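In this note's numbering, the protein residues as written are 72 to 438. Every residue, glycine too, gets a C-beta built ideally from N, C-alpha and C. As the structure is a prediction and not an experimental result, all values here were calculated from the model. Have a look at the structure below before the remarks.
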């Protein structure tokens, strides 16, 4: 079922799929500008942490046996009673090859309100796969002979790297290709995710608990929220991240959150109907930046100087605070040291940054 924030269309999928992969994705950006409503969409980040996966099955001469490895292997296992040994005996001498694709995920953003500091969430995030097909292994190794043979489950999952197979020099097949993954209206996503979180938080707080005093035997019933100080004032971390950006020196300087961060969104509905929505932010910088280590040896002013240096490397004021909310470059303990130092007058922060940091200290959050 189509999600409320999903802007993907067949036409957009076709445009992306038929655009040639070029350096820095200039052709795709131009296609989006010329043929879609996302005229100022820009490329911001690539994620390359994905593993290769099976794609097609070829015969020994390179002819296509099956366009979909997963459908083909499932049918063959069913035909042979889920026996890998029987299936291997049938195909052992045929020299069948399995092709793979090595995917990377590119992010583009279309900022609908680039001049509005109070509309940091008003953007569309476009996610595009780039995949290069290659072949470097036989599907049914002639050397297995029952030893080291994969299980039926491994074959179904595409786990073809964990057992002995005939390998040869990698050969790329065709040109890399684009495929549209998602087009997300982030303003709608954030509003909906916040509403879902608020509803879940309210329901969880209303759960009735029984507390028993083991000394006196006294029993009382209370709501879960009564056990957590400040429960009713807590807010969804995903909204706070965006609002903190807008309120801080980063937002005040005109920096747009959608060009400095991308958002790995998730939306899951459990069998009982409960929906969970969230995201994990990922920075867009490409420079190598070292984590702040051994800062316990520095005084507060020295630590603050290191954090300011990180801002210079990133190119955004107050970036160190947001890097302290996700990842390992800045630690939560370092953020708290700055709060304490500012309150004691040992360092001076811009007032809007101090207020953001103070609110975090009162109710910490992160990803």
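Anyone know if the C-beta pair for residue i and residue j falls short of 9 angstroms?
i: residue 188; j: residue 317; result: yes
i: residue 179; j: residue 113; result: yes
i: residue 401; j: residue 378; result: yes
i: residue 140; j: residue 169; result: yes
i: residue 123; j: residue 171; result: yes
i: residue 87; j: residue 121; result: no
i: residue 151; j: residue 161; result: yes
i: residue 246; j: residue 91; result: yes
i: residue 126; j: residue 193; result: no
i: residue 308; j: residue 425; result: no
i: residue 371; j: residue 418; result: yes
i: residue 315; j: residue 392; result: yes
i: residue 165; j: residue 211; result: yes
i: residue 209; j: residue 244; result: no
i: residue 220; j: residue 143; result: no
i: residue 293; j: residue 280; result: yes
Please report how far the alpha carbon of residue i lies from the alpha carbon of residue j, in whole angstroms.
i: residue 191; j: residue 313; result: 7 angstroms
i: residue 320; j: residue 368; result: 28 angstroms
i: residue 182; j: residue 107; result: 14 angstroms
i: residue 272; j: residue 428; result: 24 angstroms
i: residue 131; j: residue 119; result: 31 angstroms
i: residue 199; j: residue 249; result: 7 angstroms
i: residue 207; j: residue 242; result: 6 angstroms
i: residue 230; j: residue 335; result: 25 angstroms
i: residue 347; j: residue 260; result: 12 angstroms
i: residue 376; j: residue 383; result: 11 angstroms
i: residue 77; j: residue 413; result: 43 angstroms
i: residue 480; j: residue 201; result: Shown here, the chain extends from 72 to 438; a query on residue 480 therefore has no answer.
i: residue 311; j: residue 396; result: 11 angstroms
i: residue 163; j: residue 173; result: 26 angstroms
i: residue 337; j: residue 363; result: 30 angstroms
i: residue 431; j: residue 387; result: 19 angstroms
i: residue 440; j: residue 186; result: Past the boundaries of the shown model lies residue 440; the chain is included only from 72 to 438, so the question cannot be answered.
i: residue 256; j: residue 330; result: 15 angstroms
i: residue 74; j: residue 403; result: 35 angstroms
i: residue 129; j: residue 138; result: 9 angstroms
i: residue 72; j: residue 147; result: 31 angstroms
i: residue 89; j: residue 105; result: 14 angstroms
i: residue 254; j: residue 328; result: 17 angstroms
i: residue 282; j: residue 232; result: 53 angstroms
i: residue 111; j: residue 184; result: 11 angstroms
i: residue 252; j: residue 345; result: 25 angstroms
i: residue 94; j: residue 133; result: 29 angstroms
i: residue 303; j: residue 145; result: 50 angstroms
i: residue 306; j: residue 101; result: 40 angstroms
For residue i, which residues of its own chain have a beta-carbon under 7 angstroms away from its beta-carbon, when the five flanking residues on both sides are left out?
i: residue 333; result: 115, 116, 178, 196, 353, 355
i: residue 224; result: none
i: residue 366; result: 374, 377, 405
i: residue 301; result: 434
i: residue 96; result: 114, 177
i: residue 326; result: 387
i: residue 380; result: none
i: residue 408; result: 371, 374
For the beta strand (DSSP E) containing residue i, name the first residue and the last one.
i: residue 445; result: With the chain running from 72 to 438 in the structure shown, residue 445 is simply not present.
i: residue 341; result: Here residue 341 belongs to no beta strand (DSSP E), and DSSP marks it neither H nor E.
i: residue 128; result: 124 to 129
i: residue 425; result: Premise fails: residue 425 lies in the alpha helix (DSSP H), 422 to 433, not in any beta strand (DSSP E).
i: residue 354; result: 346 to 354
i: residue 292; result: 290 to 294
Can you tell me where the alpha helix (DSSP H) holding residue i begins and where it ends?
i: residue 328; result: 328 to 331
i: residue 410; result: 403 to 414
i: residue 265; result: 257 to 277
i: residue 320; result: 320 to 323
i: residue 380; result: 371 to 385
i: residue 394; result: 390 to 394
i: residue 140; result: 140 to 150
i: residue 191; result: Counting along the chain, residue 191 falls outside any alpha helix (DSSP H), and DSSP gives it neither H nor E.
i: residue 106; result: 97 to 106
i: residue 162; result: 155 to 162
i: residue 228; result: 223 to 228
Might you give, ordered along the chain, the residues of its own chain that have their beta carbon closer than 6 angstroms to the beta carbon of residue i, omitting 5 neighbours on each side?
i: residue 109; result: 103, 181
i: residue 351; result: 335, 438
i: residue 349; result: 337
i: residue 278; result: 295
i: residue 399; result: 362
Leaving out five residues before and five after residue i in sequence, what residues of the same chain have Cβ atoms less than 8 angstroms from its Cβ?
i: residue 423; result: 318, 319, 320, 323
i: residue 167; result: 128, 129, 130, 131, 136, 209, 210, 211
i: residue 290; result: 281, 282, 283, 284
Q. Are the region 355 to 365 and the region 293 to 312 touching, with three or more C-beta to C-beta distances below 8 angstroms?
A. No contact exists between the region 355 to 365 and the region 293 to 312.
Q | Segment contact, 8 angstroms Cβ cut-off, at least three pairs: the region 81 to 95 with the region 266 to 276 | A | Verdict: no, contact absent.
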